[in-house]
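Residue numbers (the working numbering): 775 to 847.
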């Protein structure tokens, strides 16, 4: 009886681990596909916002590079 319960628990744990891995992969795929979506710019305001976003992103990347450069000097 105890052996059957132990085997059941081991199998159940394996199924849970496999299910969690599958769900994690699906979640990552979903997030990645959402990030890859392009949305058309339909107004001048959106152009300005996109430009600001790109500028801010470039500033952040430059700051990260400078920080890394300073840390390794």
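Glycine included, each C-beta is placed from N, C-alpha and C at the ideal position.
Hey, how far is the Cα of residue i from the Cα of residue j?
| i | j | result |
| --- | --- | --- |
| residue 826 | residue 833 | 10 Å |
| residue 817 | residue 844 | 41 Å |
| residue 788 | residue 794 | 10 Å |
| residue 800 | residue 820 | 31 Å |
| residue 784 | residue 777 | 11 Å |
| residue 797 | residue 847 | 43 Å |
| residue 815 | residue 805 | 22 Å |
Exercise. Kindly provide the ranges of any alpha helix (DSSP H) runs that are 4 or more residues long and lie completely inside the segment 782-845, ordered along the chain.
Key: Runs found: 818-845.
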